[in-house]
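Protein chains in written order, with the numbering used here: chain C, 122 to 323; chain F, 122 to 323. We put the beta carbon where it would ideally sit given N, CA and C, even for glycine. Predicted model, so just to flag it, every value in this text is computed and none were measured. Shown next, in structure tokens, is the structure this report addresses.
Number of protein chains: 2
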Amino acid sequence: MTFNDGLVTANLSISLDGFVAGANQSLEDPLGEGGERLHDWMFKQREANQSIVDQILAPRAYIMGRNMFGPIRGDWPDDAWNGWWGDDPPYHGPVFVLTHHPRDPVAMQGGTTFHFVTTGIDDALAQARAAAGSGRVSVAGGASTVRQYLAAGRIDRIILSISPITLGAGERLFDGLDDLALKPVDVLSNELATHITYDVVR
Amino acid sequence: MTFNDGLVTANLSISLDGFVAGANQSLEDPLGEGGERLHDWMFKQREANQSIVDQILAPRAYIMGRNMFGPIRGDWPDDAWNGWWGDDPPYHGPVFVLTHHPRDPVAMQGGTTFHFVTTGIDDALAQARAAAGSGRVSVAGGASTVRQYLAAGRIDRIILSISPITLGAGERLFDGLDDLALKPVDVLSNELATHITYDVVR
Numbered sequence: 122m123t124f125n126d127g128l129v130t131a132n133l134s135i136s137l138d139g140f141v142a143g144a145n146q147s148l149e150d151p152l153g154e155g156g157e158r159l160h161d162w163m164f165k166q167r168e169a170n171q172s173i174v175d176q177i178l179a180p181r182a183y184i185m186g187r188n189m190f191g192p193i194r195g196d197w198p199d200d201a202w203n204g205w206w207g208d209d210p211p212y213h214g215p216v217f218v219l220t221h222h223p224r225d226p227v228a229m230q231g232g233t234t235f236h237f238v239t240t241g242i243d244d245a246l247a248q249a250r251a252a253a254g255s256g257r258v259s260v261a262g263g264a265s266t267v268r269q270y271l272a273a274g275r276i277d278r279i280i281l282s283i284s285p286i287t288l289g290a291g292e293r294l295f296d297g298l299d300d301l302a303l304k305p306v307d308v309l310s311n312e313l314a315t316h317i318t319y320d321v322v323r
Numbered sequence: 122m123t124f125n126d127g128l129v130t131a132n133l134s135i136s137l138d139g140f141v142a143g144a145n146q147s148l149e150d151p152l153g154e155g156g157e158r159l160h161d162w163m164f165k166q167r168e169a170n171q172s173i174v175d176q177i178l179a180p181r182a183y184i185m186g187r188n189m190f191g192p193i194r195g196d197w198p199d200d201a202w203n204g205w206w207g208d209d210p211p212y213h214g215p216v217f218v219l220t221h222h223p224r225d226p227v228a229m230q231g232g233t234t235f236h237f238v239t240t241g242i243d244d245a246l247a248q249a250r251a252a253a254g255s256g257r258v259s260v261a262g263g264a265s266t267v268r269q270y271l272a273a274g275r276i277d278r279i280i281l282s283i284s285p286i287t288l289g290a291g292e293r294l295f296d297g298l299d300d301l302a303l304k305p306v307d308v309l310s311n312e313l314a315t316h317i318t319y320d321v322v323r
């Protein structure tokens, strides 16, 4: 499988009851209560799920919402937050962060650079496409950002990693997307997740 | 695969956004608005999905809620409703209908007999187990009935047939089941559905 296909992709871990994050997200609990369990497949059974991890890390540029980037709201403080991922984030490429508050780009170790986009989702996508060349662009999250791009018809392919648990509360991915039609094109299932790759039907 | 395994099973078609029936169920629209589309896989691509249909029809006894049996509430009228399925329902065996209103059993063509149980879900299960012998018992639906049996820990295996559509509104399967843990044991995926077989983890 080649990833030099210019696709715009998204991938999310989702509970049986449709939540991609638990309730009460916070600095201590960025994925909300129980939300970490959605990603057990990635950390506890990495080998069996490596092909999905490869796809998550294949894109050449990423887009994320400010809620995924960090818990800070409003203007950027002086000792600015640089994401959840430490000095060497796993993206190793440009990451376009949607925000209403301008900020200069921040170059991290390992090739990740955070660019802050105040001009909306389509401009962020245009910048990410330009940066990715023939490579993939990933709408990395969170849920509301993926939802906006899905609603706008901008996502070609989505990988849902269904964790076999219920959370009972949290943030739902598909709320408000009442006429989405997808087409399953691939599936990988093991104990901690069932990964379904969907093409978005235009 | 043998079905003479004494399991208590359930199977539901579910949308990407977690609905097993659309909004506004009615006599004309028993699965609610858009709910019929959840079952497209069964009617439009039967051959590719036959192994799932076989499992749905394998049990030797069924349990269903009164909402699945019909739209009538309260006491049974004189010209009593005999289900949605015509003179020869697809069950070909005993069907135990949960209700608060006593009624004599109704024998249909083809071996289906509707028994009306007013003594609760555990008694209905005991009766269904006795009728099924070493065969399977299916909790056929609707959502609230499956939810009650799941909450009580009475279901061994559940097949979720995930249709690649969103409905936007309707009845959710997993509401209130906030600590369910399942284990995927089988998957079958094609254009109109991804069927995941889960064992319920005790």
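Asked                                                                                                                                                                 : Found
Where does H222(F) land, buried or exposed, given buried means 16+ other C-beta within 10 angstroms?                                                                  : exposed
By DSSP, does V216(C) sit in helix, in strand, or in coil?                                                                                                            : strand
In angstroms, rounded to a whole number, what distance separates the CA positions of V260(C) and Y270(C)?                                                             : 8 Å
Check the Cβ of A302(C) against every Cβ in chain F and list those closer than 7 Å, keeping chain order.                                                              : P285 and I286
Count the other CB atoms, across all protein chains shown, that sit within 10 Å of the CB of D138(F); report buried if there are 16 or more and exposed otherwise.    : buried
Rounding to the nearest angstrom, what Cα-Cα distance links E312(C) and P215(C) in this structure?                                                                    : 33 Å
Would A133(C) and I184(C) qualify as a contact pair, given that the criterion is a beta-carbon distance under 8 Å?                                                    : For clarity, residue 133(C) is Leu in the given sequence; the question names Ala instead. Not in contact: L133(C) and I184(C) (Cβ atoms no closer than 8 Å).
Are F237(C) and G204(C) touching if we call contact CB-CB under 8 Å?                                                                                                  : no
Using a Cβ-Cβ cut-off of less than 8 Å, give me the residues of the segment 131-149 of chain C that come near chain F, in sequence order.                             : L137, D138 and G139
Who are the Cβ neighbours of G191(C) in its own chain at under 7 Å, not counting the five residues just before and after it?                                          : W202, G204 and W205
Apply the 10 Å Cβ neighbour rule to L159(C) and answer buried if 16 or more other Cβ atoms are within range, or exposed otherwise.                                    : buried
Express the C-alpha separation of I242(F) and P180(C) in angstroms, rounding to a whole number.                                                                       : 51 Å
Spatial neighbours of G195(F) within its chain, please: CB distance less than 8 Å, with the 5 preceding and 5 following residues excluded, ordered by chain position. : H222
Contact criterion: CB-CB distance below 8 Å. Does D299(F) meet it with respect to chain C?                                                                            : yes
Against P305(F), what residues of chain C qualify as contacts under a CB-to-CB distance less than 9 Å, listed in chain order?                                         : I283, P285, S310, N311, E312, L313, A314 and T315
Using a C-beta to C-beta distance shorter than 7 Å, which residues of chain F count as neighbours of F164(C)?                                                         : In chain order: nothing, as chain F lies at least about 17 Å away.
Would Y270(C) count as contacting chain F if we go by Cβ distances under 8 Å?                                                                                         : no
Give me the chain F residues within the contact set of G289(C), using Cβ-Cβ distance strictly less than 8 Å, ordered along the chain.                                 : G297, L298, D299 and D300
Provide the residue span of the beta strand (DSSP E) that contains A302(F), from first to last.                                                                       : Where A302(F) is concerned, there is no enclosing beta strand (DSSP E), given that its DSSP letter is neither H nor E.
Between the segment 312-322 of chain C and the segment 161-171 of chain C, do at least 3 Cβ pairs fall closer than 8 Å?                                               : yes
Which partner residues does S134(F) have in the DSSP bridge list?                                                                                                     : S282(F)
How many whole angstroms separate the CB atoms of G297(C) and R268(C), which I take to be in contact at a CB cut-off of 8 Å?                                          : 7 Å
Please tell me whether Y183(F) has its Cβ less than 8 Å away from any Cβ of chain C.                                                                                  : no
Does DSSP put I317(C) in a helix, in a strand, or in coil?                                                                                                            : strand
Where in the segment 198-265 of chain C do unbroken runs of the alpha helix (DSSP H), each at least 4 residues long, occur, reported from the N-terminal end onward?  : 242-253
Whose CA, out of M229(F), A272(F) and P285(F), lies closest to the CA of A264(F)?                                                                                     : A272(F)
Any idea if L303(C) is buried or exposed, counting beta-carbon neighbours within 10 angstroms, 16 or more meaning buried?                                             : buried
So, is P285(C) buried or exposed, given that buried needs 16 or more other C-beta atoms within 10 angstroms?                                                          : buried
Using a Cβ-Cβ distance under 8 Å, would Y212(C) count as near chain F?                                                                                                : no
So for N125(C), helix, strand or coil by DSSP?                                                                                                                        : coil
I need the DSSP call for L309(F), collapsed to helix, strand or coil.                                                                                                 : strand
Is it the case that the Cβ atoms of I173(C) and I279(C) are separated by a distance below 8 Å?                                                                        : no
Just list the residues that DSSP pairs G186(F) with in beta bridges.                                                                                                  : L219(F)
What residue does the alpha helix (DSSP H) around V141(C) start on, and which one ends it?                                                                            : It is not in any alpha helix (DSSP H) - V141(C) instead sits in the beta strand (DSSP E) that spans F140 to A142.
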